[in-house]
Structures are given as structure tokens and as C-alpha cells.
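Data block below; observations after.
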């Protein structure tokens, strides 16, 4: 979900670097993986800003920092990386250096880990070449690269006895 500020002050004579919004990865924030957060910021003042630090912290621990220079009324997009230490709620903070408007110098978000997806694969009765293990191994390996899941593979005959409402994803 996108977090953003609504500008409340239009004075142009004060120095202000504003954090506009940030986006988490579409697949969600995952522990044990590199997570990239996209941050949009703007210099809303008529003078250039040099060497502006933007820092990303997780649970109070600084994990990534970018230094950026912005011209007058210029916007920029940064990509900051972080690791979630474990599978529990994490507080993410993105901050710039203090300036005339403190209200837009920090974005804070709380991420709650997503439950594993329950995936049911209904495989062919006889996979191509009669390689049932290879078929399941390939499908499961490909999906595990981007999903945390509980994976179960069954034949189409066994699918008749399953309650399909218990699964988040069904592969056929």
C-alpha cells in the first residue's frame, strides 16, 4: 500500500525536502530476502539541496542510506534495500535530514508478515515422460523462488476428495 503526504503549506521561500510516498514490493516484505522500498521525494524550495541523506531503518536499526542532490522544485525516486530479521511485525522508517517542515521528514510503516499460501497442484495422471518427481520439483522450485507456501501436489482423481476452499491457489 502506498503512503503519502498531502501538502499543507505552499510557501516557497523555506528549504524543504519532502518525503512524498513510498512503495513496498508487490510480493510483500519477506524475511531473509532483499526487500526494495521505492521512495519518492521532492525539493519544494527555490534553492538547490546538496548531499541530502535519506535513511531507511528497520526496528530502529539503520539498514540503507542514499545521498541525493535535488535542484529547485525537483522530484526524485530512490530505491532503498532492507532485510527483515525474522518473521514478525517490523517497523520501517524512512527519514531525511531535519529542515523547516518536520512533518514530511519521516515516513513510518508497520509490516506484518503474511501467512504462507496454501497451494494445491493438481498434476496430470501421467506427467509427460512419466516423470512425476521432476514435474512436481520444477513447479514447486519455480514458485518457492517468490512465494512462501505450503505446497501439496495430487492427482486429479484425489482432487475430488479435497475441499478446494482450503487453498489460496490451485494449479492445474
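Numbering (our numbering), first residue to last: 3 to 174.
Glycine included, C-beta positions come from ideal geometry on N, C-alpha and C.
Should residue 65 and residue 34 be called a contact, given that it needs their Cβ atoms to be closer than 9 Å? No, the Cβ-Cβ distance between residue 65 and residue 34 is not below 9 Å.
Please state whether the Cβ-Cβ distance between residue 120 and residue 83 is less than 9 Å. For residue 120 and residue 83, no; Cβs fall outside 9 Å.
Over the uninterrupted alpha helix (DSSP H) stretch that includes residue 159, give me the two end residues. Unbroken alpha helix (DSSP H) run through residue 159: 158-161.
Cross-strand partners of residue 103 (DSSP beta bridge): Its beta-bridge partners do not exist; DSSP assigns none.
Inter-residue spacing [alpha-carbon to alpha-carbon] between residue 90 and residue 32: Each residue's CA atom was taken as its position, placing residue 90 and residue 32 some 10 Å apart.
Compare the beta carbon distance of residue 163 and residue 118 with 9 Å and say whether it is the shorter of the two. Against a cut-off of 9 Å, the Cβ pair of residue 118 and residue 163 comes out as no contact.
Let's test the definition: count the other Cβ atoms within 10 Å of the Cβ of residue 110 and tell me whether it reaches 16, buried, or not, exposed. By the 10 Å Cβ count, residue 110 comes out exposed.
Under a Cβ-count criterion, where at least 16 other Cβ atoms within 10 Å of its own Cβ denotes burial, should residue 94 be classed as buried or exposed? The residue in question, residue 94, is buried, as its Cβ has 16 or more Cβ neighbours within 10 Å.
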